[in-house]
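Visitor: Residue numbering for the sequence shown is 481 to 706, as defined by the working numbering.
The C-beta atom is built at its ideal place from N, Cα and C for all residues, glycine as well.
Would you mind keeping the following structure in view while I ask a few things?
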Amino acid sequence: MDGLAMPTAADWIANLGIGLHFAMGTVLVLAWPILLSSRIRSRHRGVHRWTGRIYITAGVLAGVGGMSFILSHGTYTPAASIAFGLWGAVMMLCAVMAFVHARAKRFDRHRAWAIRLFAMVLGSWVFDLEIRAWKDLTGGLGMGAGDTSGPFDYAILYLFFVPNLLVAECFIRNLHRRITLPRRWAWPAIAGVALAGGVFAYAVVMVTATSTGKYGKHLLQALGGG
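The following block contains the structure:
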């Protein structure tokens with residue numbers, strides 16, 4: 481994109497891999513409303529099946545593209561390469577398992593793995609939200625300066641997609657169950673959800689709608705405001 485020379489095979493593999501990763505990531509982000517819609521699933525099963533095939537293929541190819549970039553170029557630190565490699569491997573596993581159970585007509589398990597796949601797809605975006613929220617709200621506690629890494633940097637690398645999977649598992653295991661809490665836990669639970677929602681909303685705005693945000697600076701330029 482910058483017009484730089486790519487003299488080696490590794491350069492070509494890295495660029496093609498990350499391009500494939502971004503292209504398939506776009507498919508994964510745009511297709512999920514169709515895939516997870518219960519109305520489309522019940523009334524237009526053909527649309528659901530073909531969207532699912534495209535989604536699973538995109539999940540595998542996104543992982544392959546990311547892995548080829550990591551192996552041929554590497555990310556900003558060796559720890560990040562390992563962490564993002566694990567994330568990609570788990571995402572591809574979810575895609576394969578969703579396909580296997582769909583083919584075997586084990587639709588409950590297929591749905592569970594599809595939900596896990598969607599949770600993993602959101603991983604990179606949530607990763608940026610978590611970093612921005614932590615940096616702003618704690619003053620960068622535990623974060624390294626420059627090229628160094630602090631305790632928080634290592635923790636977030638290996639745990640950033642864990643909250644996604646926990647929420648997905650809670651949804652999967654309680655899909656047809658009404659959750660009730662003891663009265664003494666009701667208000668603390670509401671307060672906790674409200675606090676988490678507030679932090680999430682703050683991070684979304686800062687990352688996507690400000691000139692200092694990872695995505696916001698590009699979006700504002702595209703909209704003529706940067």
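Based on Cα-Cα distance, which residue from I514, A674, H524, L500 lies nearest to I550?
Guide: With distances taken between Cα atoms, I550 lies closest to L500.
Visitor: Provide the residue span of the alpha helix (DSSP H) that contains R586, from first to last.
Guide: Element bounds for R586: n/a, residue is neither H nor E.
Visitor: Is the beta carbon of A559 sitting closer than 7 Å to the one on L637?
Guide: Yes, Cβ-Cβ distance for A559 and L637 is below 7 Å.
Visitor: Would you give the residue range spanned by the alpha helix (DSSP H) that A669 belongs to?
Guide: 663-688 is the span of the alpha helix (DSSP H), which, as asked, contains A669.
Visitor: What's the call for L661, buried or exposed, on a 16-neighbour Cβ count within 10 Å?
Guide: By the neighbour-count rule (16 or more Cβ atoms within 10 Å), L661 is not buried but exposed.
Visitor: Helix, strand or coil for G626? Go by DSSP, reduced to three states.
Guide: Residue state, collapsed to three classes: coil.
Visitor: How many angstroms separate the CA atom of G693 from the CA atom of A584?
Guide: Answer to the nearest angstrom: the Cα atoms are 44 Å apart.
Visitor: Measuring straight from C-alpha to C-alpha, what distance separates I611 and F632?
Guide: Whole-angstrom Cα-Cα distance: 9 Å.
Visitor: According to DSSP, simplified to helix, strand and coil, what is A648?
Guide: Three-state DSSP puts A648 in a helix.
Visitor: Mind pulling the alpha helix (DSSP H) runs of 4 or more residues that sit fully within the segment 505-559?
Guide: Counting only runs of 4 or more, we get 518-523, 525-552.
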